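Protein chains in written order, with numbering that gives the first Met the number 0: chain A, 0 to 577; chain B, 0 to 577. A quick write-up on the structure given underneath.
Number of protein chains: 2
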Amino acid sequence: MRKVTNKGRQTKQGSADSGVSLRLALAQVNGLVGGFKTNAEKVKSACAQARKVGADIVLFPELIVTGYPPEDLLFKKSFIKNCRETLKKIAPYTRGLTAVIGFAEQKGKHLYNSAALMCNGKHIGTYRKTLLPNYGVFDEKRYFTEGDEPVRFFLKGAQIGLTICEDIWGESGPGKTLSKDVDFILNISSSPYHKGKGKARRQMIIKRARSYKCPIAYVNLVGGQDELVFDGQSLVVDAKGKIITQGNSFEEEIIFAEVALSPKNRKPVARGIRSYRAPATLSKANIKKVPQLPAGVYRKKSEEEEVYSALVLGTRDYIHKNGFSKVVIGLSGGIDSSLTAAIAVDALWSHNVIGVLMPSPYSSKGSIDDALALAKNLDIKTFTFPIESAMKSYDSILKDAFKGTMPNLAEENLQARIRGNLLMALSNKFGWMVLTTGNKSEISMGYCTLYGDMAGGFAVIKDVPKVLVYELCHWLNREREIIPKNVLTKEPSAELRPDQKDTDSLPPYELLDPVLLRYIEQDLSIEEIKVAGLSKSEIKRIARLVDLNEYKRRQGPPGVKITPKAFGKDRRLPITRS
Amino acid sequence: MRKVTNKGRQTKQGSADSGVSLRLALAQVNGLVGGFKTNAEKVKSACAQARKVGADIVLFPELIVTGYPPEDLLFKKSFIKNCRETLKKIAPYTRGLTAVIGFAEQKGKHLYNSAALMCNGKHIGTYRKTLLPNYGVFDEKRYFTEGDEPVRFFLKGAQIGLTICEDIWGESGPGKTLSKDVDFILNISSSPYHKGKGKARRQMIIKRARSYKCPIAYVNLVGGQDELVFDGQSLVVDAKGKIITQGNSFEEEIIFAEVALSPKNRKPVARGIRSYRAPATLSKANIKKVPQLPAGVYRKKSEEEEVYSALVLGTRDYIHKNGFSKVVIGLSGGIDSSLTAAIAVDALWSHNVIGVLMPSPYSSKGSIDDALALAKNLDIKTFTFPIESAMKSYDSILKDAFKGTMPNLAEENLQARIRGNLLMALSNKFGWMVLTTGNKSEISMGYCTLYGDMAGGFAVIKDVPKVLVYELCHWLNREREIIPKNVLTKEPSAELRPDQKDTDSLPPYELLDPVLLRYIEQDLSIEEIKVAGLSKSEIKRIARLVDLNEYKRRQGPPGVKITPKAFGKDRRLPITRS
């Protein structure tokens with residue numbers, strides 16, 4: 000595993016003017032869905048750290064008690080009961096602090112996505128999320144009732160407003176309403192990643208702070224959960240939108256900030272806002288000791304590094320949280336399996352990754368050499384299973400049934416399925432999870448074999464378009480060769496028949512990817528898509544293949560979402576359609 | 000295919016008192032998602048039939064123009080444009096009639112689930128669905144904005160209110176609001192089936208008619224759409240809840256009714272209801288000719304027949320609407336593959352169903368005989384592929400890697416996967432869709448092999464618990480033997496190792512199924528589940544296996560939903576969880 004070192008975080012401390020200064024801890028922790036005990040431990044430990052540095056307030060992500068997103072587990076009474084009991088258990092951990100903790104709150108027939116306001120070991124108030132996202136990967140209206148009351152609390156003479164994720168994404172909404180009265184807005188989020196999301200989120204928060212005319216502290220979840228990965232990148236900005244501190248992407252950490260507030264109303268007006276007051280004892284307790292704030296280290300990542308980190312964390316968490324430690328990957332000598340193996344090594348260490356070469360008579364010598372070179376670069380163990388004997392045995396079983404037919408997809412797919420079976424046999428025998436290696440471009444086009452190369456537990460790069468696969472590999476090789484040079488330069492081929500090339504079936508990837516982006520991620524129609532070098536009929540054929548192959552994707556394993564629209568719950572298309 | 004004959008429908012004509020009498024046609028048609036042309040043709044043909052019998056009003060299902068549910072196709076501008084243009088094309092078909100036609104309506108940034116009111120060839124008004132279901136299989140809040148205005152229209156002096164599906168499911172709501180003013184409520188629906196849904200729906204409509212104090216005409220979609228099947232069972236009831244006429248389940252047909260209305264308000268009050276008026280010319284045109292109404296034939300089905308019909312239609316539509324005509328099924332001689340094959344034959348005729356026997360050294364002579372007897376009873380063609388040579392070839396490829404290990408699941412799963420590969424080879428070679436044969440009980444427990452017996456395009460009985468599988472087979476055999484007697488009486492076995500029985504791994508199905516019902520369909524916790532004959536720890540083990548095997552189900556093909564909660568979009572559980 001290549002360790003990423005953190006250096007150079009800019010932690011600007013807000014200048015203390017005539018107003019109040021508050022010390023914050025933002026716990027961007029890695030939660031586990033249904034992991035009440037684990038999640039409570041994370042809260043306990045973060046509270047202890049916050050106390051140690053004399054923090055006034057500690058923030059935890061949205062629904063941290065249940066993990067996010069809990070999906071239909073929310074329909075189980077026992078799950079909600081578990082959440083309620085865990086919250087009670089958590090309360091004393093907040094001794095000496097004010098804490099904001101996301102949980103699922105049952106009230107009569109209604110379930111709310113709520114934030115518990117805890118002060119000095121007591122749950123003193125609750126805010127219920129008002130804006131419930133029900134688009135993209137979100138189904139919050141399936142579970143929750145909308146809250147209808149803004150909430151603020153008073154601490155050290157300052158008025159502080161509570162919001163949850165979506166509440167501040169719109170220009171208007173609960174954040175805006177609150178900002179007329181409060182001096183500071185807190186937001187607890189579980190906001191999933193896609194390429195560029197960190198930047199978009201940062202810009203949004205800066206814009207809001209300026210329009211609210213008050214500082215914002217934003218905490219976000221970290222970690223992989225099925226097809227989602229949460230990137231952290233928590234943030235504190237001042238009223239002018241200047242960044243006071245920010246959390247790293249894809250790392251579990253607690254970040255600290257000193258925030259200067261300029262209270263707007265010394266005599267607060269009610270205006271239909273539910274108000275709570277932190278006990279005076281609490282404020283006094285914290286004023287006594289003012290230790291130095293630990294200096295955080297923020298390291299800016301390039302776009303490639305950001306995506307790569309998302310894939311590594313998403314993969315590691317899927318493997319570990321599902322109780323696996325080792326993975327097995329079919330190595331074809333191609334670029335997709337090479338990148339997948341590199342990610343797996345960074346997620347799990349070399350000794351937990353096993354590569355399998357499964358040459359057929361159509362495999363080139365080069366492919367085998369390239370796969371072995373990769374395994375050497377990554378320092379992973381390999382098996383080599385030639386598959387010709389299995390191919391022959393199927394041929395002989397099917398001989399009569401296939402009499403008089405020409406070799407076609409049936410024979411090609413059998414090779415891929417023999418390989419899938421061998422990997423699954425290793426999985427079943429030794430408890431290794433199979434990682435599949437398909438990229439978004441080929442999965443879009445159905446250029447992959449169901450139960451063959453699609454067979455496995457996790458599809459690491461299923462949301463990475465082929466052109467980006469190349470970019471990530473070049474980035475990986477920036478210091479030394481990890482992906483063998485020949486893998487990067489040779490023409491892509493599935494090697495399922497003699498002299499096969501991807502371009503026999505597909506347009507070149509640098510033309511294909513822009514079409515897929517427009518058709519899949521942007522929902523443009525064939526008429527609206529224009530890509531130089533491709534005719535209208537070629538674009539039509541691409542769109543048709545995307546549509547026709549929905550049935551295949553439906554049976555593929557989950558993988559990390561890294562684009563604005565991934566296959567999975569982000570894109571719900573019927574299989575049956577005209 | 001065994002043809003079901005219709006006989007004995009009771010079409011009671013509403014008695015014409017001092018009020019108005021209206022003649023209705025309810026077109027319970029089989030739509031196609033995205034099939035704008037096909038759907039428009041269905042509207043055209045139904046309008047022609049309605050005109051022929053002098054109907055005043057013809058009703059079509061919810062979103063019939065787009066097909067239901069269109070899911071994320073609604074995000075495509077071109078799809079909405081197609082819908083708008085189709086609606087325009089449809090308008091002239093309604094000449095001489097008043098028609099209510101479901102469509103997706105874009106208005107500025109908002110999309111509505113709407114009903115077009117067309118009179119004599121013109122689109123004169125629109126009602127927008129107010130209550131949008133966002134639970135179970137429904138995601139309507141993902142797409143649509145809620146309408147906020149009740150709509151009525153005047154025809155022959157009567158006031159008629161429009162509602163869409165969910166609008167009348169609640170005690171209060173838009174239906175109730177309208178009923179204070181109108182004399183008649185129309186409801187257009189696309190309401191998916193599960194066992195007992197027809198009865199529940201009928202009871203609900205009768206209850207509503209009594210509480211609204213006016214007749215209700217309810218039209219419902221027919222047909223399979225991915226994992227859903229729509230059952231029709233359209234209904235007209237009078238103000239006392241007496242059934243005037245009803246449509247058959249799972250059959251595309253137009254049903255007719257004469258409904259006597261007792262107008263409540265001759266001088267209608269506005270009360271914030273948007274009102275339209277059918278042109279006077281229209282009423283006159285219809286009064287002239289009063290031909291005899293065609294006598295419909297309604298046939299009540301037993302519960303087994305109802306479920307069986309759902310499976311047949313769901314399967315037929317999935318195959319045909321996806322462009323297939325033939326299917327291939329692995330026949331093990333067990334009850335699941337026998338039932339699946341029988342359903343396929345009823346859906347597609349014998350000559351479109353191919354059975355494949357794939358005996359291993361662990362297959363009993365009895366299993367082969369039973370499979371052949373079934374094929375004979377169903378008059379289907381079979382292939383026989385002994386798989387031992389393929390098993391040996393995998394053993395030899397894996398020999399070194401598996402050295403020193405004991406045979407386990409790995410070797411068992413290989414057998415299932417060899418069979419999956421052979422079926423898929425036939426599929427790829429000849430264009431036949433593979434039907435999988437797993438039932439709900441074993442899919443719940445993960446007692447099935449991913450990429451093995453789970454490999455295929457459609458999982459016909461995936462939502463049928465094992466006990467119900469037996470009940471359906473007994474029902475099938477009511478007149479003559481279709482499922483061989485030995486299949487019904489022998490003990491279930493996967494035959495993947497010598498002398499294996501299902502009960503080696505699972506509790507008896509008559510104990511297992513009630514636990515699964517409570518845990519999966521009712522979301523009860525382990526503490527709440529009590530089933531005589533099973534200890535708390537056995538129940539715990541069942542629940543744990545259900546949870547652990549979510550990853551397998553996620554990669555299985557779709558199949559017909561016939562229970563209140565099916566695996567699929569009805570039940571959205573995380574794979575990764577504590």
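Glycine included, every Cβ here is placed at the ideal spot set by N, Cα and C. Since the structure is predicted, the reported quantities are computational estimates derived from the model, not experimental observations.
Check whether the Cβ of residue i lies closer than 8 Å to any Cβ atom in chain B.
i	result
L330/A	no
L572/A	yes
R141/A	yes
Y361/A	no
A424/A	yes
G33/A	yes
D368/A	no
Q224/A	yes
D147/A	no
Q105/A	no
Would you kindly work out how many angstroms separate the C-alpha atoms of residue i and residue j, rounded to a whole number?
i	j	result
S426/B	P191/A	39 Å
A238/A	S20/A	13 Å
R200/B	D369/B	41 Å
S331/A	V463/B	41 Å
K41/A	D225/A	20 Å
L161/A	F153/A	11 Å
E664/B	L421/B	As displayed, chain B neither begins before 0 nor continues past 577, which places residue 664/B out of reach and without an answer.
L516/B	K560/B	14 Å
Y134/A	Q521/A	14 Å
Y275/B	Y446/A	53 Å
I63/A	I334/A	38 Å
I56/B	L96/B	6 Å
S577/B	G322/A	10 Å
T578/A	Q158/A	Past the edges of chain A, shown from 0 to 577, lies residue 578/A, and the structure says nothing about it.
Return yes when the Cβ of residue j is within less than 8 Å of the Cβ of residue i, no when it is not.
i	j	result
A454/B	T436/B	no
E257/B	Q27/B	no
V236/B	A208/B	yes
Y217/B	I205/B	no
K128/A	Y111/A	yes
A346/B	V296/B	no
Given a threshold of 16 other Cβ atoms within 10 Å of its Cβ, counted over all protein chains shown, does residue i qualify as buried or as exposed?
i	result
D182/B	buried
F566/B	buried
Q232/B	buried
N477/A	The residue you asked about is not Asn; residue 477/A is Arg in the sequence shown. The residue is exposed, with fewer than 16 neighbouring Cβ atoms inside 10 Å.
K299/A	exposed
P406/A	exposed
H350/B	exposed
K87/A	exposed
S301/B	exposed
Does the beta carbon of residue i come closer than 8 Å to any beta carbon on chain A?
i	result
G456/B	yes
M444/B	no
V311/B	no
L62/B	no
F382/B	yes
Residues in the same chain with beta-carbon distance under 8 Å from residue i, minus the five sequence neighbours each way, listed in chain order, please.
i	result
L413/A	M390, Y393
Q499/A	Y361, S492, A493
If you drop the 5 nearest sequence neighbours on each side, which residues of the same chain put their C-beta closer than 7 Å to that of residue i?
i	result
L533/A	P506, L510, V514
M423/A	V433, A454
For residue i and chain E, any beta-carbon pair shorter than 8 Å?
i	result
G419/A	Structure shown: chain E not included; protein chains present are A and B.
I'd like the list of long-range same chain contacts for residue i, defined as Cβ closer than 6 Å, with 5 residues on each side in sequence excluded.
i	result
Y317/B	G223, F457
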